[in-house]
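In the working numbering, the protein residues as written are 3 to 148.
C-beta: ideal position from N, C-alpha, C; glycine also.
None of these values were measured; they are calculated from a predicted model.
This report refers to the structure that appears directly beneath it.
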């Protein structure tokens with residue numbers, strides 16, 4: 003009976019530690035060039051998504067910036083502030099990465115496959131967008147907003 007209790011407690015601890023690792027990406031992040039902030043949250047399906055919540059220069063010619071480079075003409079008038087740019091990430095506990103997601107780059111109007119991970123600590127998020135294989139792509143470093 004005692005052994006079962008110890009095994010159960012260890013399992014519960016492992017589950018909570020794993021969930022905490024997965025949720026460590028949740029928060030607001032300053033992008034590499036400091037021109038925007040992205041807030042990442044977990045949705046009701048357990049997937050991680052991110053929206054632009056701050057722009058250093060929110061206006062262009064006195065008007066709010068819009069998604070003018072979007073290939074879909076109907077979406078070109080939507081505001082950049084509040085735009086969903088990270089979608090569908092799931093946490094891979096084995097590799098300690100958020101995978102199977104996509105990132106939309108409003109500066110180019112393009113969507114890429116994407117993965118995210120921490121290396122040194124939970125305040126520096128590596129974000130890599132790629133086409134095809136993850137070995138080839140563009141990697142940036144985001145800093146957690148304090």
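**Study point:** beta strand (DSSP E) segment containing residue 80, residue limits
**Key:** No beta strand (DSSP E) contains residue 80, which DSSP labels as neither H nor E.
Check your understanding: Enumerated in chain order, which unbroken segments of the beta strand (DSSP E) with a length of 3 residues or greater are wholly contained in the segment 44-129?
Key -> Here the runs fully enclosed are 50-57, 86-94, 99-107, 112-120.
Check your understanding: Using the beta-carbon count (16 or more within 10 Å), is residue 133 buried or exposed?
Key -> Classification for residue 133: exposed.
Exercise for review: Flag this pair as touching only if the segment 55-65 and the segment 101-109 have three or more C-beta atom pairs under 8 Å; answer yes or no.
Suggested key: Counting Cβ pairs under 8 Å, fewer than three are found: no touch.
Review point. Any chance the segment 31-45 sits against the segment 141-148, with 3 or more Cβ pairs inside 8 Å?
Key: Contact between the segment 31-45 and the segment 141-148 is present, with at least three C-beta pairs closer than 8 Å.
Practice item. Kindly indicate the opening and closing residues of the beta strand (DSSP E) around residue 139. Key: Annotation: the continuous beta strand (DSSP E) that includes residue 139 extends over 139-146.
Practice item. Give every residue of the same chain whose Cβ lies closer than 8 Å to the Cβ of residue 45, excluding the five residues on either side of it in the sequence, and list them in chain order. Key: For residue 45, where only same-chain residues beyond five positions count, the Cβ hits under 8 Å are 51.
Review point. Just reading off the beta strand (DSSP E) that residue 30 is part of, what are its end residues?
Key: Per DSSP, residue 30 belongs to the beta strand (DSSP E) from 29-32.
**Study point:** residue 47 versus residue 67: straight-line alpha-carbon distance, rounded
**Key:** Rounded to the nearest whole angstrom, the CA to CA distance from residue 47 to residue 67 is 31 Å.
**Study point:** Outcome for residue 27 when other beta-carbon atoms lying within 10 angstroms are tallied against a minimum of 16
**Key:** With 16 or more neighbouring CB atoms inside 10 Å of its own CB, residue 27 falls in the buried class.
Review point. Is residue 114 closer than 9 Å to residue 131 when the C-beta atoms are compared?
Key: In this structure, the beta-carbon distance from residue 131 to residue 114 falls below 9 Å.
Check your understanding: By how many angstroms is the C-alpha of residue 129 removed from the C-alpha of residue 98?
Key -> Cα-Cα distance, rounded: 13 Å.
Check your understanding: In chain order, what residues of the same chain have a beta carbon less than 6 Å from the beta carbon of residue 119, not counting five sequence neighbours either side?
Key -> For residue 119, the CB contacts under 6 Å within the same chain, skipping 5 residues up- and downstream, are 99, 128 in chain order.
Check your understanding: Are the beta-carbon atoms of residue 88 and residue 142 separated by less than 9 Å?
Key -> For residue 88 and residue 142, no; Cβs fall outside 9 Å.
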